[in-house]
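**Q**
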Amino acid sequence: MLLGTLLVLLLAGAAPASAHAALRASDPEDGSVVRTAPTHITLTFTESVGLLEDSFRIYGPDNRRVHMEEPEHAAGAADTARAALPRDLDEGTYTVAWRVVSADSHPVSGAFTFSIGKPSPTPPAAPQEHAEHPVTKSLYDTGRYLAYIAAALLIGTAAFAALCRPPDTGPLRAPLLFGWWTLLVTTAALLVLRSSYEKGTSPATALDVSAFPDTLSGRPGMALLARVLLLLAAALLLPVLRHRTLRTRVTAGAAFSVGLALTWASAEHASAGIQVPAAMTSSVLHLLAMAAWLGGLTALLLTLHRAKTPPPYDTVARFSRLAFTSVTVLVLTGAYQSWRGLGSWSALTGTAYGRTLAVKLAATVFLLLAAALSRRWTALLARPAVAGERVPALVGASGPPPEPRTTHVTTAPPEAVHRRALRRSVLAEVVVAVAVLLVTTVLTGTLPSRAEAEAAKAPAPQVAGLPGAQALTVPYDTGTPGGSGTVQLTMDPGRVGENGLQAVVFGPQGALSFVPELRVTFTLPSKDVGPIDAGLTDRGGYWATNDLTLPLEGAWTMKLTVRVSDIDQVTVERGVRIGR
């Protein structure tokens, strides 16, 4: 129930992810006027960035897109991207829209303008900000959070079984399998969604197989692939390790855990900014300590409730020592990471990262208080059990005094009372730990305060002249069972000239629908132009074209034909305003 509530919160209230990289400089500079056409566009960022196939889009004075070569990194500079320009650029104002992936795996975008010869008489229209696709963003964030939970459960349960040595390990098999399968499935889903997340497109575009090579060439994609391979390797080696010594199994488990932790550290905040080697080491230790403590708590709770043989004091005491060591590591690494991310005390309350960190610190303090209570009940379990106590019998109201005697009054063994109290305190720790994990996931997607201060020094307001894309939702109904739904269309830039058009079909229940044919035509009745066929092609889950040319401005009529079977189809009309 708690996990379901947290998932709903993630899906309903996912905020836009903040990126770590910021544009430091551009050549030509934003707003500059150059005498002759430049041969290249060069962008320099505050940290290394990954490039997409469509990282640069340039629009000329007539709002037509300028065809250019694919961008690449400048020689020996992972923080600098450049792309060659055509030699026959006309005079006027140009808009450069860019989108890259920062070193900590978050996409970032922006735009700027420059002019050749002199600015255009009519300044380009201000663009709409390039937003993340909300469904893709929510799915990706949910996958990241589930992956954190699964890693903590898998590593922590294994550590509890190996280091605390409970006599009955039966209850631990379920969380181990659940952690392994959940981590494998969520990581595979993140790998599939990675391209759509980077480009800010619909989840339907994740089915485009041609995007996988680009995904696997970037650091985040390589880290996700490495995590999948580690999990598969662990499943293959587990039967072999069962017959090895305890030391061998512990060593192999430690190596596996460090490898998993590295797949996070190598693709998030620790991999960018200052002191990267120290930050990655700290990040790995922080994640392992978190997993040993919080995942171990879940294992202890299951053992206390479901084990056929109640865990002895030695098992609980070993976990108490493991938890104390983990908390010590968490405090030290957390202090370092907080200093590295904040940069100043004022950032603790003056930035989103600082406020989120403050919430995490408050929840962690509450968690430490619950842990201290658990340690108290653990210490009480070490006391010798007392089965009962002898009390004097009541004296009668009259008559001769009876012979002196005592009676045995049975009471609940103190050990049982202490064990019930320990269960409650451990359960409270687990509940708070889930909240801490949620805040941690939000924190990893928030721009660190130190990076925010650095970004503020970069050339600011990157105002673009890129025309905003048009988004349309068109309902359709063929009049047959299951033959209704909606088509979501995006036209970029939605103005006179060359446009790109993407369409995703949804069925009556809102699920993706794969139809055999989708046609879109445009007609301009006032000028007797058209119909112009958009020429949509099936891209494996969505329909698209990059070659739709609308030559004139005005009120166009779009006709959308959806064929859902060999004989059932419907045509729907929709007005579309095309400007300059």
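FYI, the numbering for the sequence shown is 1039 to 1618, going by the working numbering. Just so you know, even glycine gets a beta-carbon here, dropped at the ideal spot from N, CA and C.
Whose CA, out of A1541, P1204, I1616, lies closest to the CA of W1581?
**A** Checked all of A1541, P1204, I1616; the closest Cα to W1581 is A1541.
**Q** Anyone know if the C-beta pair for A1330 and G1217 falls short of 8 Å?
**A** Cβ distance not < 8 Å, so A1330 and G1217 don't count as in contact.
**Q** Measuring straight from C-alpha to C-alpha, what distance separates I1154 and T1518?
**A** Roughly 57 Å separates the two Cα atoms.
**Q** Going by DSSP, name the residue or residues bridged to Q1607.
**A** Partner(s): R1601.
**Q** Please say whether V1266 and L1325 have beta carbons closer to each other than 8 Å?
**A** The answer is no: Cβ separation not under 8 Å.
**Q** I'd like to confirm the pairing. Which residues does DSSP put opposite V1543 in its beta bridges?
**A** DSSP, once it has assigned bridges, lists V1525 as partnering V1543.
**Q** Would you say the region 1233-1253 touches the region 1135-1145, given that touching needs at least three Cβ pairs under 8 Å?
**A** Because the criterion of three Cβ pairs below 8 Å is met, the region 1233-1253 and the region 1135-1145 touch.
**Q** Please decide whether L1284 counts as near chain B, where near means a Cβ-Cβ distance under 8 Å.
**A** In summary, chain B is missing from the structure at hand, where a single protein chain is found.
**Q** I'd like the list of long-range same chain contacts for L1620, defined as Cβ closer than 6 Å, with 5 residues on each side in sequence excluded.
**A** Residue 1620 lies beyond the range of the chain shown here (1039 to 1618); nothing can be said about it.
**Q** Using the C-alpha atoms, what's the distance from I1096 back to P1624?
**A** Since the first and last residues shown for the chain are 1039 and 1618, residue 1624 lies out of range.
**Q** Which residues in the same chain have their Cβ closer than 8 Å to the Cβ of V1104, if we skip the five residues on either side of it in sequence?
**A** The answer, listed in chain order, is I1096, Y1097, G1098, L1123, P1124, L1127, Y1132.
**Q** Which of the three DSSP states, helix, strand or coil, is assigned to R1120?
**A** Strand, per DSSP.
**Q** Name the DSSP bridge partner or partners of S1147?
**A** Bridge partners of S1147: R1137.
**Q** Please confirm whether S1064 and L1081 have their CB atoms less than 8 Å apart.
**A** The answer is yes: Cβ separation under 8 Å.
**Q** Return the Cβ separation of V1600 and V1553 in integer angstroms, given the expectation that the two are a contact with Cβ distance under 8 Å.
**A** Indeed, because the Cβ distance is near 6 Å, the residues count as touching under 8 Å.
**Q** To the nearest angstrom, report how far apart V1278 and L1268 are at their CA atoms.
**A** Between V1278 and L1268, the C-alpha separation is close to 16 Å.
**Q** Alpha carbon to alpha carbon, how far is H1078 from P1066?
**A** Cα to Cα, the separation comes out at about 9 Å.
**Q** Does DSSP put L1127 in a helix, a strand or coil?
**A** Three-state DSSP puts L1127 in coil, outside helix and strand.
**Q** By the DSSP assignment, the alpha helix (DSSP H) with W1219 in it spans what residues?
**A** Its alpha helix (DSSP H) spans residues 1211-1237.
**Q** Evaluate H1171 with the Cβ neighbour count: other Cβ atoms within 10 Å of its Cβ, from every protein chain shown; 16 or more gives buried, anything less gives exposed.
**A** The residue in question, H1171, is buried, as its Cβ has 16 or more Cβ neighbours within 10 Å.
**Q** Quick check: the region 1179-1195 against the region 1239-1248, are at least 3 beta-carbon pairs closer than 8 Å?
**A** Cβ pair count under 8 Å is below three, so no.
**Q** May I ask you to report which of helix, strand or coil DSSP gives S1070?
**A** S1070: coil per DSSP, three-state reduction.
**Q** Pair every Cβ in the region 1251-1262 with every Cβ in the region 1276-1296, then say whether three or more of these pairs are closer than 8 Å.
**A** No: the two stretches stay apart, fewer than three of their Cβ pairs being nearer than 8 Å.
**Q** Roughly how many angstroms separate the alpha carbons of L1270 and V1322, rounded to a whole number?
**A** C-alpha separation (whole angstroms): 21 Å.
**Q** What does the alpha-carbon distance come out to for the pair A1317 and S1158?
**A** Roughly 48 Å separates the two Cα atoms.
**Q** Can you give me the C-alpha to C-alpha distance between A1112 and T1084, rounded to a whole angstrom?
**A** In a straight line, the C-alpha of A1112 is about 15 Å away from that of T1084.
**Q** Please report the straight-line C-alpha distance between G1523 and A1303, rounded to a whole angstrom.
**A** For G1523 and A1303, the distance between alpha carbons rounds to 43 Å.
**Q** To the nearest angstrom, how far is it from the Cα of A1060 to the Cα of V1146?
**A** Computed Cα separation, rounded: 8 Å.
**Q** The alpha helix (DSSP H) spanning P1251 covers which residue range?
**A** Per DSSP, P1251 belongs to the alpha helix (DSSP H) from 1250-1255.
**Q** What does the Cβ neighbour count give for R1359, buried or exposed, with the cut at 16 atoms within 10 Å?
**A** So R1359 ends up on the exposed side.
**Q** Could you tell me how far apart the beta carbons of S1295 and Q1375 are, in whole angstroms, since I believe they sit closer than 8 Å?
**A** The Cβ separation is near 19 Å, so there is no contact.
**Q** On a CA-only basis, which of V1543, L1539, E1591 is nearest P1563? Give me that one, please.
**A** That would be E1591, whose Cα lies nearest to the Cα of P1563.
**Q** With a threshold of 16 other CB atoms inside 10 Å of the CB of G1538, please say whether the residue is buried or exposed.
**A** With 16 or more Cβ atoms within 10 Å of its Cβ, G1538 is classed as buried.
**Q** Going residue by residue through the region 1545-1588, where are the continuous alpha helix (DSSP H) segments of at least 4 residues, counting only ones entirely within it?
**A** Runs of the alpha helix (DSSP H) inside the region 1545-1588: none found.
**Q** Which residues in the same chain have their Cβ closer than 8 Å to the Cβ of A1200, if we skip the five residues on either side of it in sequence?
**A** Closer than 8 Å at Cβ, skipping near neighbours: L1284, R1287, V1288, G1291.
**Q** By the three-class DSSP mapping on this structure, what secondary structure does V1322 have?
**A** Correct three-state label for V1322: helix.
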